[in-house]
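K.L.:
Mind looking over this structure? Questions follow.
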């Protein structure tokens, strides 16, 4: 196949990359069940506040304005925006229960640091995880800064709010034998020898997820020309519109070729466009389908932990480090802006090494 053409100007372009803080992990580095603190600590741009005292809208209008701010000015991902809007809705419901119906009615006492702490205290008593509390704290600070810059609040109470830190639980990972069993279809009946389009697609997806460690959102966003079959690389559009090129091995290449030659043409429709992975109706694959595929595959591998695509990402990174890859290379492969985010996988590898040592060494 001829080398892929350069990405057309403007195609799938994203907003400029935003810096990542080391204190709060990226969303996909947390276990899947955790609520995601994705862009929880993205610094706000320095903007001169508008004059205070302007007429403030009701809460519904505030929510809409904040959503536009996150989407158009901050350029956050749809996943982060959904999480933040859920947090803001919870905060505004807490304020409404106290008798407020607009930002203007809050005053210094209504939306002061005490009110923010009371809301977060309610979340803590409701059993929210530290990861959720960390993100909701960051969201509250972002929201109050936004209202202050709009002139709806005379002061920004979020400046007085401490930043909760999320725990960095070690993610579950597959051992290498379990990964091989999943990819070879051992005990699943869905290995690489299948001819069914659905199985060809699923095989290519799990091979590529494990081979590259890419995020499920990145996999779903792939187009056909993102794959360079001559160099065994794939062009990935990550967070903040940042592109990176990730290598993959020959098993993934064979699975991709089988899907593209024998499977994808059977599902192509007029509206399919350039999407690499398709659903049965010809549209671009969605994240929920990918998660179900991974859960189903692993559910048939004896002894394998229950995990989704994030688990394959964790496993790929851990196996790379166990095989001798340096931390910086793994960082670039995963698309982490901060090396600190990648270091969690060194902890996983050390824990597994210690477990093996305790089991095998006569003087352990």
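In the UniProt record's numbering, the protein residues as written are 1 to 364. Every residue gets a Cβ at the ideal spot worked out from N, C-alpha and C, and that includes glycine.
Kindly give me the distance between the Cβ atoms of residue 183 and residue 140, rounded to whole angstroms, as I take these residues to be in contact under 8 Å.
P.N.:
No, residue 183 and residue 140 are not in contact; Cβ-Cβ is about 43 Å, not under 8 Å.
K.L.:
Measure the CB-CB distance between residue 304 and residue 174 and report whether it falls below 8 Å.
P.N.:
Closer than 8 Å, so yes.
K.L.:
Please tell me whether residue 295 and residue 308 are closer than 8 Å, where the distance is taken between their beta carbons.
P.N.:
Yes, they are a contact pair.
K.L.:
Using CA coordinates, which residue listed in 138, 329, 161, 318 is at the minimum distance from residue 114?
P.N.:
If we check each option's Cα against that of residue 114, 161 comes out closest.
K.L.:
Can you tell which of 347, 292, 300 has its C-alpha closest to the C-alpha of residue 319?
P.N.:
Ranking the options by Cα distance to residue 319, first place goes to 347.
K.L.:
Excluding the 5 residues flanking residue 366 on each side, which residues of the same chain have their C-beta closer than 6 Å to its C-beta?
P.N.:
Nothing about residue 366 can be reported from this structure: the residues present for the chain run from 1 to 364 only.
K.L.:
Does the separation of the CB atoms of residue 252 and residue 218 fall below 8 Å?
P.N.:
Going by C-beta atoms, residue 252 is not nearer than 8 Å to residue 218.
K.L.:
Once DSSP output is grouped into helix, strand and coil, what is the label at residue 60?
P.N.:
Looking at residue 60 - three-state DSSP - the assignment turns out to be helix.
K.L.:
Using only the alpha-carbon positions, how far apart do residue 234 and residue 177 sit?
P.N.:
Using only the alpha carbons, I get a separation of about 25 Å.
K.L.:
Which residue's Cα is closest to the Cα of residue 86: 100, 172, 67?
P.N.:
The option with the nearest alpha carbon to residue 86 is 67.
K.L.:
Any Cβ of chain B within less than 8 Å of the Cβ of residue 342?
P.N.:
The structure shown contains no chain B; it holds only a single protein chain.
K.L.:
CB-CB under 6 Å to residue 239, same chain, minus the five flanking residues each way: which ones, in chain order?
P.N.:
The answer is none, since no qualifying residue turns up.
K.L.:
Are the Cβ atoms of residue 111 and residue 157 separated by less than 8 Å?
P.N.:
For residue 111 and residue 157, yes; Cβs fall inside 8 Å.
K.L.:
Using three-state DSSP, classify residue 80 as helix, strand or coil.
P.N.:
Three-state result, residue 80: helix.
K.L.:
Is residue 292 closer than 8 Å to residue 200 when the C-beta atoms are compared?
P.N.:
No, these two residues do not count as a Cβ contact at 8 Å.
K.L.:
When we look at the beta-carbon of residue 77 and count the other beta-carbons within 10 Å, is it buried (16 or more) or exposed?
P.N.:
Burial call: buried.
K.L.:
In chain order, what residues of the same chain lie with their CB nearer than 7 Å to the CB of residue 264, ignoring the 5 residues before and after it?
P.N.:
Correct list, in chain order: 278.
K.L.:
For residue 129 and residue 82, what's the separation of their Cα atoms in angstroms?
P.N.:
Between residue 129 and residue 82, the C-alpha separation is close to 18 Å.
K.L.:
Under 7 Å Cβ to Cβ from residue 137, same chain only, skipping five residues before and after it: list those, please.
P.N.:
Within the same chain, residue 137 has close Cβ partners 120, 161, 163, 164.
K.L.:
Answer with buried or exposed for residue 285, where buried requires no fewer than 16 other C-beta atoms within 10 angstroms of its C-beta.
P.N.:
It counts as buried.
K.L.:
Ignore the nearest five residues each way along the sequence and tell me which others in residue 181's own chain have a CB closer than 6 Å to its CB.
P.N.:
Cβ within range, chain order: 301.
K.L.:
In whole angstroms, what is the alpha-carbon distance linking residue 145 and residue 135?
P.N.:
Going by the C-alpha atoms only, they are around 15 Å apart.
K.L.:
From what residue to what residue does the alpha helix (DSSP H) around residue 132 run?
P.N.:
130-149 is the extent of the alpha helix (DSSP H) around residue 132.
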